[in-house]
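In what follows, a structure is listed as structure tokens, so that the remarks can point back to it.
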Amino acid sequence: MENHYNFKSIEPKWQNYWAQNQYFKVSEDPNKPKYYDLEMFPYPSGNLHMGHVRNYAIGDVVARFKTMNGFNVLHPMGWDAFGLPAENAAIKHGHHPAKWTYANIENMKVQLNSLGISYDWDRELASCKPDYYKFTQWMFLKLYEHDLAYKKSAAVNWCPSCQTVLANEQVVDGACERCDTVVTKRNLTQWFFKITDYAQRLLDDLEILPGWPDKVKTMQRNWIGRSEGCQFDLPIENSSEIMTVFTTRPDTVFGITYMVLSPEHPLVTKISQGTPQEEQVKEFVQRMQFVSDVDRTSTEAEKEGVFTGAYAINPMNGERIPIWIANYVLIDYGTGAIMAVPAHDQRDFEFARKYNLPVRVVIKAADSPSDGESMSEAYVEDGCMVNSGIFDGLSVEEGKKQVIAYMQKEGVGQGTVNFRLRDWLISRQRYWGCPIPMVYCEKCGLIPVPEADLPVILPEDVEFRPSGESPLNYVESFYKTECPACGGPARRETDTMDTFVCSSWYFDRFCDPHNSSAPFSKEAVDYWMPVDQYIGGVEHAILHLMYSRFFTKFLHDINVLSCDEPFTNLLTQGMVLKDGSKMSKSKGNVVSPEDIINTYGADTARLFILFASPPERDLEWSDQGVEGSSRFLNRVWRAVTSCADDIKGISLPAQFGELDPEARKLRYKTHATIKKVSEDIEQRFNFNTAISAIMELNNMLNAYLDQDEQDLSVLKEAIETMVVLLSPFSPHICEELWQICGHQQSIYHESWPRYDVEALIQDEIEIAIQISGKVRDRMVVPASVSEEDLKVLAVAQPKIQELLAGKEIVKAIVVPGKLVNIVAK
RNA sequence: GCGGUAGUGGCGGAAUUGGCAGACGCGCUAGAUUCAGGUUCUAGUAGUCGCAAGGCUGUGGAGGUUCAAGUCCUCUCUACCGCACCA
């Protein structure tokens with residue numbers, strides 16, 4: 001037998017075997033518990049990177065482990081295949097995005113298979129294929145039908161480089177998340193999904209997701225950004241207009257000393273008209289248009305503004321309040337207008353000091369300032385209302401309630417809830433995306449494409465322009481159409497959908513991927529959904545996961561899905577780093593999975609990436625570490641092959657009679673390892689410690705093999721257990737070793753071992769003896785010794801006697817199975 | 001600024017419920033095998049004092065609770081991530 005396992009021949013051999021025998025193909029089986037194990041489907045960029053390897057290695061361990069535990073495991077893979085890189089490649093190199101994309105898919109599929117991941121390839125899907133995007137369009141139509149898709153003109157984020165709009169979520173630090181170009185504003189008519197209708201539910205239901213990391217739930221909570229307060233109206237002096245503001249601090253309403261509109265607010269022109277300040281207002285508004293959002297909204301930006309010349313009337317006390325416009329008020333939050341209470345809001349305070357506006361204290365605690373003039377910062381803590389008429393003396397909390405009640409009674413305002421979440425802008429002015437199934441008819445207006453006419457096919461024969469403008473605008477055969485309602489001439493929508501739409505329901509499609517009449521059958525999704533374990537990078541914590549939850553809730557509401565949340569458990573894996581930073585071409589620190597697989601084999605690559613770090617933490621790539629994993633697999637290979645012939649004839653389970661101490665120890669270790677590995681995989685996802693436990697078993701096995709004689713039943717049990725436990729991590733070598741041990745059936749069809757409680761009973765245990773918390777000695781005692789006897793035995797140890805000489809024993813604490821602590825003085 | 005996560009040997013990490021800190025692996029040192037090198041095997045490997053037995057110190061820092069603290073509490077430093085003028 002060879003001294004090294006030959007991964008170059010063994011790995012492809014088993015990959016072919018699995019594929020030919022359709023090992024990973026599953027269908028609904030009502031007799032088995034189902035388990036839906038899903039890794040985030042990749043964008044087909046061309047090559048797998050180490051992050052993918054980590055993601056799919058984790059998912060594969062779970063899939064194989066669950067299968068061996070008797071679950072009917074759905075483990076599918078597909079491609080998030082629409083998107084900008086394909087189109088950019090087309091513009092740059094002249095290849096059609098489809099050709100580029102499909103070539104990449106082919107390549108990455110080969111790479112995935114060379115890793116030995118257990119996918120049911122019969123369920124493969126690609127979001128750019130008409131049989132898939134037909135139903136993405138169907139989703140759009142359903143949303144439209146339920147008034148959750150609408151068109152509106154709005155100032156939108158525009159990336160001048162990508163020549164397309166971006167969702168708020170895709171703008172990072174004021175720049176395009178994809179190309180880092182500074183994002184500008186444009187007024188465009190665009191399609192939106194009304195995700196805000198689901199804001200409260202998206203927030204509330206985070207509570208019913210105990211299987212999600214708190215970090216992700218917190219991020220979603222912050223993104224939804226619920227705040228409670230009230231909205232109320234202020235009449236504008238000498239005008240029929242009113243201004244409406246939102247505030248979370250109605251208790252400070254008597255402290256208003258000025259009002260602020262955002263520069264984009266529609267009232268600005270109206271109320272400043274004819275005032276002496278009209279010109280300066282115009283100038284300010286114009287100037288603000290050219291200040292980018294990054295600069296506008298940065299905390300460091302100096303607050304500035306101008307007086308409009310108009311006044312509002314405080315409905316609570318009739319006071320006349322100057323209306324300003326300022327950069328620090330945003331048009332798209334709340335009502336785009338605020339009441340300013342400089343005494344109790346730091347931003348208002350800074351602004352008031354700069355422009356010499358009055359500061360009036362209306363909340364007072366025992367040690368808080370009472371004089372606005374001398375304050376150096378806003379007082380935002382708790383206290384009681386003062387200078388507030390009939391509300392004086394109320395606490396902040398009580399004051400909020402009473403003021404809202406009063407406003408409601410007087411008809412000037414009411415309690416409201418505001419969210420920071422905005423509607424989801426889904427229009428993209430690009431070619432390589434899912435066409436929006438709408439037409440514009442001169443007579444009938446906006447008309448949805450009838451379901452029966454889906455899919456609206458993305459034309460293949462198009463010309464790409466360096467400008468980046470969507471080629472669809474120039475394809476007459478595409479945009480020229482008939483109105484589905486009146487049959488007259490009509491024009492198709494030429495914008496395509498944000499790719500996040502495609503990825504918001506793919507997990508449903510995997511349940512029934514070949515259905516041509518519906519996105520999926522109710523039976524299929526009722527069997528498989530929700531996803532039991534979802535695994536992917538934390539970078540999708542907000543966008544993809546929020547959109548998918550929204551889609552799931554909507555599909556639930558229209559009764560095509562039973563579940564209300566798509567992902568029961570979520571594992572967010574850390575990044576793979578090299579030399580302390582993220583792998584990237586520009587840094588030149590990229591490690592190619594292909595090279596690693598060629599040099600060390602897939603089993604080694606998988607093992608290392610799982611061993612080096614727990615999955616949620618970032619992982620530092622180490623070539624030397626990979627060597628170590630390779631060495632371990634070779635040690636396993638040698639241990640198993642060296643004794644395979646001796647144990648072949650032994651049948652298990654055996655009756656274990658009187659065993660010598662070494663055999664007993666090995667048997668104990670075998671079963672302790674089963675327990676440890678099972679719990680580490682199932683309860684903690686700590687694959688690193690599961691693997692180290694298998695290494696320990698292998699170490700003890702090797703020591704046992706060095707002995708002159710072995711108990712072959714114990715040996716066989718240890719050897720085969722080790723191979724089975726290792727098989728989800730490094731499946732190829734384990735298949736081969738399993739066969740070498742004389743088994744006809746694939747290890748994939750083995751049941752996961754159960755530990756024998758009897759084997760875990762030890763006759764003797766080592767007990768640490770502490771004196772006042774410091775370990776001073778150890779003793780080996782029979783496991784059955786009582787607590788009282790343990791104390792006596794501990795004190796009787798010669799070394800302990802020595803140390804206790806002249807001291808009085810105050811008490812002794814026994815931790816069963818672990819230690820005795822003698823407290824002496 | 002707010003929110004979160006983390007900080008343990010030369011390195012990756014372990015210690016799961018307050019109970020023996022450093023499992024497992026890498027690296028390193030010495031030796032054996034082979035000998036051109038790699039592979040493989042054995043022993044050692046937190047710091048420090050000591051010939052040794054053994055002692056002392058030690059989980060970012062400072063306090064505290066406890067028989068017992070990497071783990072709990074208070075304060076604090078650092079790194080990373082998310083949000084950021086959200087009224």
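Last residue of the first sequence? That's 825 in the numbering used here, and every number before it is there in order. Quick reminder that beta carbons are idealized off the backbone N, C-alpha and C, glycines included. Since we're looking at a predicted model, the values are computed, not measured.
How should glutamate 302 be labelled, buried or exposed, when 16 other C-beta atoms within 10 angstroms of its C-beta is the threshold for buried?
exposed
Determine the burial state of histidine 544: buried for a count of at least 16 other Cβ atoms within 10 Å of its Cβ, exposed for fewer.
buried
With respect to the beta strand (DSSP E) encompassing phenylalanine 65, which residues constitute its N-terminal and C-terminal limits?
Not the beta strand (DSSP E): phenylalanine 65 falls in the alpha helix (DSSP H), residues 50-68.
Is it buried or exposed for isoleucine 694, if we count other Cβ within 10 angstroms and need 16 for buried?
buried
Output the distance between the C-alpha atoms of glutamate 709 and glutamate 662, rounded to the nearest integer angstrom.
10 Å
Taking all protein chains shown into account, do 16 or more other C-beta atoms lie within 10 angstroms of the C-beta of methionine 1, making it buried, or fewer, making it exposed?
Any reading at methionine 1 must be qualified, since the residue scores a pLDDT of 47, below 50, and its modelled position is unreliable; the value itself is stated next. Burial call: exposed.
Anyone know if the C-beta pair for valine 245 and threonine 335 falls short of 8 Å?
yes
Let me know the secondary structure DSSP gives phenylalanine 520 once reduced to three states.
coil
Check the DSSP bridge columns for valine 151 and list the partner residues they point to.
Note on identity: in this sequence residue 151 is lysine, with valine being the wrong assignment. Bridge partners of lysine 151: Trp191.
Arginine 826 to glycine 574 span [Cα, whole Å]
Nothing can be reported for residue 826: it is not among the residues displayed for the chain, which extend from 1 to 825.
Counting only the same chain and skipping the five closest in sequence on each side, list residues whose C-beta sits under 8 Å from that of threonine 196.
Phe419, Leu421, Arg422 and Asp423
Residue span of the beta strand (DSSP E) that contains proline 235, given as start and end
227-235
Mind the definition here: the segment 534-552 touches the segment 495-505 only if three or more C-beta pairs lie below 8 Å; say whether that holds.
yes
Kindly list the residues whose CB is nearer than 6 Å to the CB of valine 538, restricted to its own chain and excluding five residues on each side of it in sequence; keep chain order.
Thr572
Curious, which full-length alpha helix (DSSP H) runs of at least 4 residues does the segment 56-142 contain?
84-93 and 97-114
Can you determine whether any heavy atom of the ligand ZN sits closer than 7 Å to the C-beta of glutamate 283, and answer yes or no?
What this structure holds is no ligand at all, so the ligand ZN is not there to describe.
Using only the alpha-carbon positions, how far apart do alanine 518 and lysine 142 sit?
12 Å
Strictly by DSSP, which residues pair up with isoleucine 323?
Met259
Considering only the beta carbon of each residue, do isoleucine 681 and proline 753 sit closer than 8 Å?
no
What residue range does the beta strand (DSSP E) around threonine 599 cover?
Premise fails: threonine 599 lies in the alpha helix (DSSP H), 593-600, not in any beta strand (DSSP E).
Per-residue DSSP class, three states only, for valine 497
First, the residue type needs correcting, since residue 497 is methionine and not valine in the sequence shown. DSSP places methionine 497 in strand when its eight states are reduced to three.
Using the Cα positions of glutamine 655 and lysine 716, report the straight-line distance between them to the nearest angstrom.
13 Å
Name the two residues that bound the continuous beta strand (DSSP E) containing proline 448.
445-448
Once you ignore the five residues that flank leucine 357 on each side, which residues in its own chain have a CB closer than 6 Å to its CB?
Thr257 and Tyr258
Any idea what DSSP makes of alanine 812, helix, strand or coil?
strand
Below 8 Å, can you find three or more Cβ-Cβ pairs linking the segment 738-752 to the segment 84-91?
no
Give the range of the alpha helix (DSSP H) segment to which isoleucine 436 is assigned.
Per DSSP, isoleucine 436 belongs to no alpha helix (DSSP H) and is neither H nor E.
Rounded C-alpha distance that separates cysteine 563 from tyrosine 534:
15 Å
Looking only at C-alpha atoms, which of Ile691, Arg631 and Leu737 sits nearest to serine 613?
Ile691
Euclidean distance between Cα positions of valine 814 and alanine 824:
15 Å
Cα-Cα separation, methionine 722 to asparagine 688:
16 Å
What three-state label does DSSP hand methionine 1 in the structure shown?
In this predicted model, methionine 1 has a pLDDT of only 47, less than 50, meaning its place in the structure is not dependable; the value taken from the coordinates is given anyway. Coil.
Give me the DSSP bridge partner(s) of valine 775.
Gln770
Please check the pair threonine 248 and isoleucine 363, which I expect to be a contact at CB under 8 Å, by giving their CB distance rounded to whole angstroms.
No, threonine 248 and isoleucine 363 are not in contact; Cβ-Cβ is about 14 Å, not under 8 Å.
If I'm right that leucine 425 touches glutamine 137 with Cβ under 8 Å, what's the distance once you round it to whole angstroms?
The pair is not a contact, with the Cβ atoms about 18 Å apart (cut-off 8 Å).
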